[in-house]
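*Asks:*
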Amino acid sequence: MDPEGIAAPELRQYTIEEFVQTVCPHCFAERQRTSDEAGVWKDGMLVSHSGSIWMRRFCEVHGETESLYEEDAALWQGRRGWSTPTSTVVPDRPGMPGGFPDAYRHGLPASHAQHTCILLLNVTERCNYGCPACFASAKPPGTAEPVEERPTLPEILATVDTMLAREGGRLGVVMLSGGEPTVRRDIVPMIEALATRNITRIMLNSNGREIAVNDTLLDFLAAHRRQVEVYLQFDGFDGNTSHVLRNEDVLEEKLKASARMNERGIFHTLVTTVMRNVNEEQCGRIIRHGLDSPYCSGVALQPMFGSGRFPGYDPMDRTTPTGILKRLAGWTDGAMTADDFVPLPCSHRDCCDISYMLKLYDGSWKSLPQLIGRDNLRQWVHLVANTITFDGLSQPVVDMLKSGSLTKVLSEQLGPGAPQLALEVSRMCACVPGLFEKLGGIWQRLGGRSGGERPDGNELATRGFRITIKQFMDAHTFNSDRIRQCCVHSGSFEEDPRRLSFCWRWLFDDASDFPDGRPRYRRDGSTLVDGKGA
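Counting from 662, one number per residue, gives the positions in the sequence shown under the numbering used here.
#1: Tell me the rounded alpha-carbon separation between residue 943 and residue 1004.
#2: Of all the alpha helix (DSSP H) runs that stay within the bounds of the region 1062 to 1089, which reach a length of 4 or more residues?
#3: Roughly how many angstroms lie between the CA atoms of residue 729 and residue 839, to the nearest whole one?
#4: So, for residue 1066: in the same chain, excluding its five sequence neighbours on each side, which residues have a beta-carbon less than 6 Å away from its beta-carbon?
#5: Please classify residue 977 as buried or exposed, where buried requires at least 16 other C-beta atoms within 10 Å of its C-beta.
#6: If you run the structure through DSSP and keep just helix, strand and coil, what is residue 675?
#7: Excluding the 5 residues preceding and the 5 following residue 1037 in the sequence, name in chain order all residues of the same chain whose CB lies nearer than 8 Å to its CB.
#8: Would you report the Cα separation of residue 760 and residue 770, rounded to the nearest angstrom?
#9: Strictly by DSSP, which residues pair up with residue 621?
#10: Please list, in chain order, all residues of the same chain as residue 1138 whose beta carbon is under 6 Å from its beta carbon, the five residues on each side excluded.
#11: Beta strand (DSSP E) containing residue 704: first to last residue?
#12: Would you kindly report the start and end of the unbroken beta strand (DSSP E) that includes residue 720?
#13: Taking buried to mean at least 16 other C-beta atoms within 10 Å of its own C-beta, is residue 859 buried or exposed?
#14: Using DSSP with H/G/I as helix, E/B as strand and the rest coil, what is residue 1130?
#15: Restricting to Cα atoms, I'd like to know which of 1153, 800, 1128, 767 is closest to residue 986.
#16: State the DSSP-derived secondary structure class of residue 811, mapped to helix, strand or coil.
#17: Might you give, ordered along the chain, the residues of its own chain that have their beta carbon closer than 6 Å to the beta carbon of residue 1176, omitting 5 neighbours on each side?
#18: Check whether the region 770 to 780 touches the region 794 to 809, counting contact only when three or more Cβ pairs, one atom from each stretch, lie closer than 8 Å.
#19: Label residue 1022 either buried or exposed according to how many other C-beta atoms from any shown protein chain fall within 10 Å of its C-beta, with 16 as the threshold for buried.
#20: Any chance you could list the beta strand (DSSP E) runs of at least 3 consecutive residues sitting entirely within the region 718 to 759, in chain order?
#21: If we ignore side chains and look at the alpha-carbon of each, how far apart do residue 815 and residue 1053 end up?
#22: If you reduce the DSSP assignment to three classes, tell me which class residue 1093 lands in.
#23: In whole angstroms, what separates the C-alpha of residue 800 from that of residue 806?
#24: In three-state DSSP terms, what is residue 790?
#25: Just mark residue 1157 as buried or exposed, buried being the case when its beta carbon has 16 or more other beta carbons within 10 Å.
#26: To which residues does DSSP link residue 1026 through a beta bridge?
#27: Could you tell me the alpha carbon to alpha carbon distance between residue 949 and residue 699, rounded to whole angstroms?
#28: Could you name the residues that DSSP lists as bridge partners for residue 864?
#29: Locate the beta strand (DSSP E) running through residue 1054, then write down its first and last residues.
#30: What is the residue span of the beta strand (DSSP E) that residue 958 lies within?
#31: Leaving out the 5 sequence neighbours to the left and right, which residues in its chain are closer than 7 Å to residue 1044 when beta-carbon positions are compared?
#32: Name the one or two DSSP bridge partners that residue 1150 has.
#33: Which word fits residue 787, buried or exposed, when buried means at least 16 other C-beta atoms lie within 10 angstroms of its C-beta?
#34: Report the rounded CA-to-CA distance for residue 672 versus residue 714, giving the unit in angstroms.
Here it is in structure tokens:
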């Protein structure tokens, strides 16, 4: 102590990496909070110690606390330098002030850093599963079917048409979610109506129960296979995983749904909720299963997050994206490593890690970072972000950069089975001398490097495979910077629809699909009216 009895400053036992605005998970554990509630926002910072990254916040009630943000600090720090320019936003409420957080209650402000890459629509609160883990806190099986389901089909189409206008006449991905979308009687006319609009991909987020048994639905999906892809919930290969995450053994049902889609040429992505001490070690097997399934176009690994209804987990020892990345080599017998992935360039660097795999002439799979070179990819990203002139670059690189191939491939806009994506990949491969010859077969023909005919879309469809690792935020990991660059937006159903960041939508109790005051449900089953407790 100094002469006046005041303690001298102590050296912090961590290094400050970034300053953020966040929330206190201990406040949220007491009860749900609204985004405009006094004191809900906390000063926070991302810090490094013990080889990991931690979210640290300062709360007037609970003091200075921290939660695990990313398991591997070195991999997290390596995400810097992969960002590309983002697109401007047509605001949902042009007259609203543009600052964070106030403007975000009313949709995307003009200051938001990225346009809508994925428009997610929650088309029902009902489900035919009773999962302990459900960010939407969906109503359980047996819930009475309403006379008229909300949102109605006209409400859904009105939201889509509004967002089409705000996105310049085209939407990259519209994802139908819930609840379980296939419980709606009008799911087929809903998708038919969406298919007439300028939407690159329609994603059906499904647990697969209807797909496993409903031949009419299967026929419909097969007929629309070029525009519709199924996002199939698939958590692993043992009964314990199913019981922990889904409250019943659903493995055979999942395998049947996937097999039926493979037989009919329906593209689908396996979507895995990854939870520590439950199914982490099955990630490698899930990826291999996807690679061995001809019309499985990818795997999406999503670490468990604590919004909505979820099993208990330790916020100090949870699955994180960098934790998955550092263990991939062990789970895949060295076939994949962290170096096969790059941060999704269009979004905040912590939002998603992505890899794109190509099937070679001998049946093996290699990632683009392996084939092209991670340093080349990083240099190209830097050129996209910073180059005004292309002096000194080879003509194939200039053509590839001008065409936008890099940003199209390193995104989720085009389905892995889309012929256009294969063409964009071929432009990237043309930048590396000798790569077409190394790839051989169909890729050599696509690049015009052999005497055979150029492959058609069906040949190309099963030669690409995308893997993403995406951690959605909860109260323990909430990072204001991620919200401000989010590109996955939930659409509302109201006279003038708005878009909310996915993670914002499921954290705050005043964030609703129906801001006009229609009741919705908290995780404890109590209703909200106009954002207030009923």
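Each residue gets a CB set at the ideal place from its N, CA and C atoms; glycine is no exception.
Since this is a predicted model, take the numbers as computed values, not measurements.
*Replies:* According to the structure shown:
#1: Residue 943 and residue 1004 have their C-alpha atoms roughly 23 Å apart.
#2: Runs of the alpha helix (DSSP H) spanning 4 or more residues and lying entirely within the region 1062 to 1089 occur at 1066 to 1070, in chain order.
#3: Computed Cα separation, rounded: 29 Å.
#4: The answer, listed in chain order, is 1085, 1088, 1089.
#5: It is exposed - the Cβ of residue 977 has fewer than 16 other Cβ atoms within 10 Å.
#6: Three-state result, residue 675: coil.
#7: Short of 8 Å from the beta carbon of residue 1037, and not among the five residues preceding or following it, lie these beta carbons of its own chain, in chain order: 1092, 1093.
#8: Taking the straight line joining both Cα atoms gives about 8 Å.
#9: Missing from the structure shown is residue 621; the chain here goes from 662 to 1195 and no further.
#10: Leaving aside the five residues that flank residue 1138 on each side, the residues in its chain whose CB is nearer than 6 Å to its CB run, in chain order, 716, 730.
#11: 703 to 710 is the span of the beta strand (DSSP E), which, as asked, contains residue 704.
#12: Taken as a continuous stretch (DSSP letters only), the beta strand (DSSP E) holding residue 720 covers 713 to 720.
#13: By the neighbour-count definition (other C-beta atoms within 10 Å, threshold 16), residue 859 is an exposed residue.
#14: It is a strand residue.
#15: Among 1153, 800, 1128, 767, the Cα nearest to that of residue 986 is on 1128.
#16: Reduced to three states, the DSSP call for residue 811 is coil.
#17: Closer than 6 Å at the Cβ level, and outside the excluded window around residue 1176, lie 1153, 1155.
#18: Using a Cβ-Cβ distance cut-off of 8 Å, the region 770 to 780 and the region 794 to 809 are not in contact, since fewer than three pairs of beta carbons, one from each stretch, lie closer than that value.
#19: Residue 1022 counts as exposed, since fewer than 16 other C-beta atoms from the protein chains shown sit within 10 angstroms of its C-beta.
#20: If we require 3 residues or more, the beta strand (DSSP E) runs fully inside the region 718 to 759 come out as 724 to 731.
#21: Counting only the Cα atoms, residue 1053 lies some 54 Å from residue 815.
#22: If DSSP states are grouped into helix, strand and coil, residue 1093 belongs with coil.
#23: In this structure, the alpha-carbon of residue 800 lies about 11 Å from that of residue 806.
#24: When secondary structure is reduced to three states using DSSP, residue 790 falls in the coil class, being assigned neither helix nor strand.
#25: Its Cβ having fewer than 16 others within 10 Å, residue 1157 is exposed.
#26: Looking at the DSSP assignment, residue 1026 forms a beta bridge with 1020.
#27: Going by C-alpha positions, residue 949 is about 49 Å away from residue 699.
#28: Within the DSSP bridge table, the entry for residue 864 names 836, 890 as partners.
#29: Under the DSSP assignment, residue 1054 falls outside any beta strand (DSSP E); it carries neither an H nor an E label.
#30: Here the beta strand (DSSP E) through residue 958 covers 957 to 964.
#31: Scanning its chain for C-beta atoms nearer than 7 Å, with the 5 sequence neighbours on each side dropped, one finds around residue 1044 the residues 1062, in chain order.
#32: In DSSP, residue 1150 forms a bridge with 780, 1162.
#33: Residue environment analysis places residue 787 among the buried positions, since at least 16 neighbouring C-beta atoms fall within 10 angstroms of its C-beta.
#34: Between residue 672 and residue 714, the alpha-carbon positions lie close to 18 Å from each other.
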